[in-house]
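Taking it in order: structure first as structure tokens, then the write-up.
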Amino acid sequence: MTLTAPPHVPELAADPFASGVLENPLPLQAELRDAGPVVYLSHYDVYGLARYEEVHAALTDWQSFQSGAGVGLSNFRHEKPWRPPSLLLEADPPAHDAPRAVLSKILSPRALRSLREAWFADAEKLVDEVLAETSFDAVTALTQAFPLRVFPDAVGLRKEGRENLLPYGDHAFNAFGPQNGLVAKGAPRVAELSGWVNAQCARDRLSPGGFGARIWEASDRGDITPEQAPLVVRSLLTAGVDTTIHALGAVLHAFAAHPEQWSRLREEPGLARVAFDEAVRWESPVQTFFRTATRDVDVAGTVIPEGRKILMFLGAANRDPRRWADPDAFDLSRDPSAHVGFGMGLHQCVGQHVARLEAEALLTALAARVERIEPAGTPRRHLNNTLRAWASLPVRVHPA
Ligand code: OVM
């Protein structure tokens, strides 16, 4: 491997996974975008894309930028993955397509219609309980409590052991980065947490009617094999909890910081979905994923050699002033729908409709009951190699 910058590629020495950068990635994002359409990150000997145009183009060109060698720093061509690769996230066509088609259908807007009423009622109940106090931590009280109330039930998980979901997901997202202190912190529990998660993917652990049972039914129909079914269930358990929690954290933090936008939502509650997508653009709960070049691929005049890892800065693309007017503003009047916070192309988040439904339910319940939401203390970041997250969001609310 070369450790010198290829000719004509701007070289940056910064570590995108250093704790200072994870604490506030915005300055490095701007530096990366301004350095050029392609950068070389000497700290890890990888390439990087941080402008919207190039990130979008690479995400929609799966033939040149594969996922099958892993979407983390680790290159599965040379290194053994920490767990059997995901059949969705860490796969390319044609292997990717059957699991994707199965899960897409199970998580489609049409299939979720039956959950809508119950989730809205659950959100109203939770918000009514929480509003017994006017000051609370929005992370534990709302952004964690709501997904944990509705999602594991929708999957069909048993009650015991659900506390393992968050630490497992947190580690899985750390594991896409380098083997730094965040990965070391999770390592002692990997065997235990993976053991629990993998056991919940078995057919007889999943209650009838849930997403998990429907995945197994797809294997009865021959849409996927019985060997694939538990790994598709595992994707739900890995990617379905932390992501949604941090996206809800993003939107609640955004509203606490932008009271005029909260007033707009109260006047027009139909903006809940736009607000959620704008928060996903603004905060990019999933900050980065890698791809691997399948050939010598030319990006804006720079050749990225075959086999090399490329870091896609989704968060940087989502705030690229070349694409977004006033990108740092959280603004319900913009159309955020082209953001790459859910990715783009054939890997674009298969659970996005689930996330939007959870967000719509929670925001609608809050908007009907809360006149104003304001910070009531210093919010605290939760650091993760991939996720932009809050550990704590102290808020004070003024009931309507
Ligand atoms: C998976 C998966 C998909 C998306 C994100 C992710 C841990 C995992 O299929 O397991 O992050």
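Here the sequence shown is numbered in my numbering, starting from 5 and rising by one per residue.
Every residue gets a Cβ at the ideal spot worked out from N, C-alpha and C, and that includes glycine.
Source: prediction; values computed, not measured.
Can you give me the start and stop residues for the alpha helix (DSSP H) that Y56 sits inside? The residue labelled residue 56 in the question sits at position 52 within the sequence shown. Run containing Y56: 56-63, per the alpha helix (DSSP H) assignment.
According to DSSP, I249 sits in a beta bridge with which residue or residues? Indexing the sequence shown from 1 puts residue 249 at position 245. None, per the DSSP bridge assignment.
Backbone secondary structure at A179 - three-state DSSP: Within the sequence shown, the letter at position 175 stands for residue 179. Looking at A179 - three-state DSSP - the assignment turns out to be coil, as it is neither helix nor strand.
Report the rounded CA-to-CA distance for T144 versus L53, giving the unit in angstroms. By 1-based counting over the sequence shown, the position of residue 144 is 140. By 1-based counting over the sequence shown, the position of residue 53 is 49. Using only the alpha carbons, I get a separation of about 34 Å.
Looking at the structure shown, is W394 part of a helix, part of a strand, or coil, going by DSSP? What you label residue 394 is simply residue 390 of the sequence shown in a count that begins at 1. The answer is strand: DSSP assigns W394 an E or B state.
In the DSSP assignment, find the unbroken alpha helix (DSSP H) run with S90 in it and report its ends. Indexing the sequence shown from 1 puts residue 90 at position 86. Note, S90: premise wrong, no alpha helix (DSSP H); not H, not E.
Under the DSSP definition of a beta bridge, which residues are partnered with V134? As a working note, residue 134 is residue 130 in the sequence shown. Answer by DSSP bridge pairing: none, since V134 is not bridged.
Please confirm whether any heavy atom of ligand 1 lies closer than 6 Å to the CB of L315. Taking the first residue of the sequence shown as position 1, residue 315 is located at position 311. No.
By the three-class DSSP mapping on this structure, what secondary structure does P31 have? As a first step, residue 31 is located in the sequence shown; it is residue number 27 there, counting from the start. Helix at P31.
By a C-beta neighbour count over all protein chains shown, 10 Å radius and 16 as the cutoff for buried, is H82 buried or exposed? Here residue 82 refers to the residue found at position 78 of the sequence shown. Classification of H82: exposed, given that the 10 Å Cβ count is below 16.
Please classify Q70: does DSSP put it in a helix, a strand, or coil? Stepping through the sequence shown from its first residue, residue 70 is reached at position 66. The answer is strand: DSSP assigns Q70 an E or B state.
Please classify L30: is it buried, with 16 or more other beta-carbons within 10 angstroms of its beta-carbon, or exposed? Sequence index remark: in the sequence shown, residue 30 carries index 26 (1-based). Per the 10 Å Cβ criterion, exposed.
Closest residue to D227 among P103, L367, F69, L361 (Cα-Cα distance): Counted from its first residue, the sequence shown places residue 227 at position 223. For D227, the nearest C-alpha among the options comes from P103.
DSSP bridge partner residues for H386 (one or two, in chain order): For the purposes of this step, residue 386 is taken as the residue at position 382 of the sequence shown. Answer is A393, bridged to H386.
Buried or exposed for R360, going by 16 or more other Cβ atoms inside 10 Å? As a working mapping, residue 360 is identified with position 356 in the sequence shown. By the neighbour-count criterion, in which 16 or more other beta carbons inside 10 Å mark a residue as buried, R360 falls on the buried side.
P263 versus I249: straight-line alpha-carbon distance, rounded: Translated into positions along the sequence shown, residue 263 becomes position 259. Translated into positions along the sequence shown, residue 249 becomes position 245. Distance between the alpha carbons of P263 and I249: 21 Å.
Output yes or no for whether 7 Å exceeds the beta carbon distance between V303 and V75. Residue 303 sits at position 299 when you count from the first residue of the sequence shown. Residue 75 sits at position 71 when you count from the first residue of the sequence shown. Cβ atoms of V303 and V75: not closer than 7 Å.
Select from V374, D65, N178 the residue whose C-alpha is nearest the C-alpha of A22. To locate residue 22, count along the sequence shown from 1; it is residue 18. Comparing Cα-Cα distances from A22 to each of V374, D65, N178, the minimum goes to N178.
Does T306 come out as helix, strand or coil in the three-state DSSP assignment? Locating residue 306 in the sequence shown gives position 302, where the first residue counts as 1. Strand, per DSSP.
Rounded to a whole number of angstroms, what is the C-alpha to C-alpha distance between F293 and P182? Along the sequence shown, one-based indexing puts residue 293 at 289. Along the sequence shown, one-based indexing puts residue 182 at 178. Whole-angstrom Cα-Cα distance: 12 Å.
Find the nearest neighbour of S267 within the set R55, L387, L370, judged by alpha-carbon distance. Within the sequence shown, residue 267 is the residue found at index 263, counting from 1. Closest option to S267, Cα to Cα, is L370.
Let me know the secondary structure DSSP gives P230 once reduced to three states. The residue you call residue 230 lines up with position 226 of the sequence shown. Here P230 sits in coil by DSSP.
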